[in-house]
Amino acid sequence: MKMAYLRDVVSLQLDAEKCIGCGRCLEVCPHGVFVLELGRSRIADRDACMECGACARNCPADALRVKNGVGCAVGILNSALGRKAACCGAAQACCCDGGKEHIEDKEARKA
2 MKMAYLRDVV
12 SLQLDAEKCI
22 GCGRCLEVCP
32 HGVFVLELGR
42 SRIADRDACM
52 ECGACARNCP
62 ADALRVKNGV
72 GCAVGILNSA
82 LGRKAACCGA
92 AQACCCDGGK
102 EHIEDKEARK
112 A
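Each residue of the sequence shown is one higher than the one before, starting from 2 at the first, in our numbering.
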């Protein structure tokens, strides 16, 4: 099922000139907002963004900007109530910690 939020209100911005094509935004985005094309990230579905901030927090090139929005608030509430995060099914609201746990878990598995 394709997830969508409010249309044309997302604050997500990508500076393509700063993008280094590392793919971190693709790794941490719980809704598949990004794709890699020609060695750089591109916003493929802006309306699917829930403004959790995971992409911006994990971008080493500082190419992404987003104001945390309603989707993040829902994740925080679910976490506080002991529910699984709607975005990824994790026990904690992974998307609302900027995807830090997912990145750390992937790096630990590689080691």
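Note that beta-carbon positions come from the ideal geometry of N, C-alpha and C, so glycine has one too.
Measure the C-alpha to C-alpha separation of residue 25 and residue 82 and round it to an integer number of angstroms. The sequence position of residue 25 within the sequence shown is 24, counting from 1. The sequence position of residue 82 within the sequence shown is 81, counting from 1. Straight-line Cα distance between these residues: approximately 29 angstroms.
If you draw a straight line from the alpha carbon of residue 40 to that of residue 84, how long is it in whole angstroms? Taking the first residue of the sequence shown as position 1, residue 40 is located at position 39. Taking the first residue of the sequence shown as position 1, residue 84 is located at position 83. In a straight line, the C-alpha of residue 40 is about 37 angstroms away from that of residue 84.
What span of residues does the beta strand (DSSP E) with residue 29 cover, start to end? Locating residue 29 in the sequence shown gives position 28, where the first residue counts as 1. Counting along the chain, residue 29 falls outside any beta strand (DSSP E), though it belongs to the alpha helix (DSSP H) covering 25–29.
Residue range of the unbroken beta strand (DSSP E) whose run includes residue 43: For this step, residue 43 is matched to residue 42 along the sequence shown. Its beta strand (DSSP E) spans residues 41–44.
Straight-line Cα distance separating residue 20 from residue 29: The residue you call residue 29 lines up with position 28 of the sequence shown. The residue you call residue 20 lines up with position 19 of the sequence shown. Their backbone Cα atoms lie some 16 angstroms apart in a straight line.
Exposure of residue 54, with buried meaning 16 or more beta-carbon neighbours within 10 Å: Taking the sequence shown and counting its residues from 1, the one referred to as residue 54 is at position 53. Flag for residue 54 reads buried.
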